[in-house]
């Protein structure tokens with residue numbers, strides 16, 4: 020049907036049609052379809068004969084007009100006729116007033132006339148007031164089409180990328196992350212910063228060696244197992260803080276010196292970066308960049324994730340005065356640095372992470388959550404067919420569809436205000452919905468599911484179908500007010516989300532058990548301690564996975580850390596006194612009958628501590644020769660001489676005090692009383708005396724007799 024712009028134009032058009040209808044072999048337009056043909060009408064309506072004969076009423080032309088019929092090549096005779104009279108091309112218009120109603124029947128054939136279709140802005144055809152099938156929430160009894168499941172094709176074998184027949188020690192697994200290259204970088208930059216810091220001070224800087232750095236890491240891990248409020252308390256010698264291990268690894272002053280001068284990047288690089296402050300080339304994480312990249316590279320290299328992975332954020336506690344410190348009120352750790360982490364959902368291995376430094380990166384226009392996921396998944400040799408689980412901060416239809424193009428399937432909770440979420444209210448959940456109610460709607464590859472538990476939960480997935488006949492137990496009150504266990508339906512997307520979303524939470528829990536984080540005013544030292552945590556936990560997970568492959572017993576994380584600490588102490592620097600192995604041996608009391616000593620001991624009874632009989636209590640053995648006590652042991656004959664060969668076999672003999680200065684040369688006479696002093700193993704004060712047999716530094720003065728106290732506590736009488 021055609022509508023003219025004026026009455027003259029209408030009559031001209033009528034005359035043109037009458038003149039052209041004389042030629043039976045010529046067709047006016049290919050779009051013209053006669054009645055009774057099998058082709059559809061160009062109006063897409065099942066119109067009756069009466070409707071074809073109806074002429075539209077004369078109306079004023081509207082500004083919004085449809086497409087012209089004269090667009091096809093077959094309409095050229097009509098175009099030429101219009102151009103001859105200088106008229107504009109005719110346009111097809113639909114007048115709703117002249118259109119028959121929906122239930123109006125034609126008097127000729129009695130057919131009902133349908134209302135014309137209209138298009139939405141997206142180009143969909145809507146028939147009347149009825150909604151499309153996509154724009155309605157479906158019930159649980161309506162079957163959904165299961166999407167094609169991913170085919171898992173990783174680039175490498177899943178699990179540890181190590182020799183699967185070798186037996187790795189905790190130290191070897193830890194050195195995969197803190198390699199010799201990392202240690203050399205820390206030693207070099209710490210020495211450079213220490214020399215600069217101690218320049219011009221009374222105390223000169225003593226260079227740090229690789230062994231010193233291993234000892235420092237050993238004590239950092241030890242402090243995670245035995246936490247105290249301050250660092251100096253680990254070296255206190257009181258009854259409450261008697262911990263001999265830290266002093267056997269490194270002196271307190273040396274540990275604090277390394278801790279204050281710890282540095283991870285070159286000073287020249289940091290100075291050059293400071294000149295770029297305020298420009299796009301400025302790096303906020305320049306101070307941690309070398310260690311940051313080396314830990315990331317090791318995390319990528321030595322483990323390949325399983326099919327289920329998850330992304331979440333992690334908070335590292337800190338209140339340092341720095342611009343990228345975050346405050347999140349809903350987190351257990353409210354103040355600190357926020358890290359975005361990609362973890363394996365099966366074992367909690369940290370695959371990839373980066374520190375959020377604010378909106379300083381180049382945005383893609385698709386949001387922070389979109390950029391975060393794409394950056395974390397940008398791992399070399401990852402593969403395809405992975406199933407990713409995220410929370411509602413990251414979930415968006417745009418992200419899930421783009422991940423699907425990369426052959427990565429995704430599932431996660433979704434917010435109702437995100438772009439692409441269905442806005443329809445048809446068949447939605449009512450206010451008082453019974454527990455276990457499911458509503459779903461599918462838009463091609465995307466599935467949106469609503470499930471009512473204690474509250475409404477909404478999911479978006481490209482993996483699952485709406486309902487797979489899974490059920491879960493819930494306690495529900497019946498009509499009598501009694502609690503009963505009821506089986507309620509649960510969507511497969513929510514079931515898998517609860518099972519596989521906790522990869523980052525598992526990693527956080529493993530770190531939190533023995534966290535090595537210390538309070539510090541330097542923000543980059545906070546990251547150093549967190550990198551130690553990541554390396555230790557990842558090494559422990561590698562140990563567990565290797566034990567599963569080799570069917571060996573798995574160590575607990577505490578035992579794993581204990582073995583790692585002892586191994587680091589062995590390869591670390593040794594203090595001036597003996598190592599920690601003497602402290603770890605149990606002290607066993609000796610048992611010797613009194614009559615056997617009468618053959619060897621010649622000293623007076625008042626000067627010698629005699630061992631009590633085997634059935635005597637331990638307290639009587641320790642106090643037998645104490646001042647003011649009366650020993651019941653009979654005096655021994657004084658004429659007996661001690662055989663030289665039997666002296667080493669008698670406990671308590673040969674443990675004589677000696678001075679360190681005896682082994683030194685060129686010592687001034689005024690300095691002989693204090694030369695070579697070392698820390699006492701009992702009171703931790705300086706002493707020039709040591710036991711010649713035990714090789715322990717012990718005080719032996721008028722105020723302190725640590726020499727006797729230590730030997731008595733170890734069942735060695737003097």
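Numbering (this note's numbering), first residue to last: 20 to 737. For every residue, glycine included, the Cβ atom is placed at its ideal position computed from N, Cα and C. Please read all numbers here as calculations on a predicted model, not as lab measurements.
The beta carbon of residue 292 is closer than 6 Å to those of 302, 305 in its chain, skipping five residues each way along the sequence. Taken atom to atom, the span from the alpha-carbon of residue 203 to that of residue 586 is near 19 Å.
With respect to the 9 Å criterion, residue 237 and residue 560 are not classified as neighbours on the basis of their beta carbons. Between the segment 536–548 and the segment 339–357, the count of C-beta pairs closer than 8 Å reaches three or more; the two stretches touch. Taking 9 Å as the cut-off, the Cβ atoms of residue 454 and residue 495 count as close. In the structure shown, the three-state DSSP call for residue 735 is coil.
In the DSSP assignment, residue 406 forms a beta bridge with 327, 428. Excluding residues up to 5 positions away in sequence, 701 lie with their Cβ nearer than 7 Å to the Cβ of residue 728 in the same chain.
Restricting attention to 268, 394, 165, the CA atom closest to the CA of residue 593 is found in 268.
Three or more beta-carbon pairs separated by less than 8 Å link the segment 430–440 to the segment 515–531, which places the two stretches in contact. For residue 312, the closest of 370, 329, 273 by C-alpha to C-alpha distance is 370. Rounded to whole angstroms, the gap between the alpha carbons of residue 373 and residue 457 is 37 Å. Its chain contains 335, 536 as the residues whose beta carbon lies nearer than 7 Å to that of residue 549, once the 5 sequence neighbours on both sides are disregarded; these appear in chain order. Excluding its 5 nearest sequence neighbours in each direction, residue 566 has C-beta neighbours in its own chain below 6 Å: 573, listed in chain order. Contact between residue 539 and residue 193 does not hold, since their C-beta atoms are separated by about 22 Å, which reaches or exceeds 8 Å. In this structure residue 419 is buried. Its beta-carbon is surrounded by 16 or more other beta-carbon atoms within 10 angstroms. Secondary structure of residue 506 (DSSP, three-state): strand. In the three-state DSSP reduction, residue 475 falls in the strand class (E or B). By the Cβ neighbour-count rule, residue 161 is exposed, with fewer than 16 other Cβ atoms within 10 Å of its own. Of the other Cβ atoms in all chains shown, 16 or more fall within 10 Å of the Cβ of residue 552; this residue is therefore buried. Note on residue 488: under 16 other CB atoms within 10 angstroms of its CB, so exposed under the neighbour-count rule. Listed as beta-bridge partners of residue 297 by DSSP are no residues whatsoever.
Classified as buried, residue 333 has 16 or more neighbouring CB atoms from the shown chains inside 10 Å of its CB. Take the alpha-carbon of residue 175 and the one of residue 362: they are about 17 Å apart.
Residue pairing from DSSP places residue 356 in a beta bridge opposite 335. Taken through DSSP and simplified to helix, strand or coil, residue 489 comes out as strand. Of 257, 258, 265, the smallest CA-CA separation from residue 250 is found for 265. For the pair residue 394 and residue 582, the Cα-to-Cα distance works out to about 36 Å. Residue nearest to residue 206 within the set 235, 223, 349, 483 is 235 (criterion: CA-CA distance).
Looking at the backbone, the Cα of residue 213 and that of residue 298 are separated by about 30 Å.
In this structure, the straight-line span from the alpha carbon of residue 367 to that of residue 320 is close to 16 Å.
Boundaries of the alpha helix (DSSP H) harbouring residue 204: 199–216, taken from the DSSP string. Secondary structure note for residue 308: its alpha helix (DSSP H) is the uninterrupted segment 308–320. Residue 542: member of the alpha helix (DSSP H) spanning 542–569, first to last residue. Where residue 578 is concerned, there is no enclosing beta strand (DSSP E), although the alpha helix (DSSP H) around it starts and stops at 576–590. Straight across, the Cα-Cα distance linking residue 375 with residue 447 is about 38 Å.
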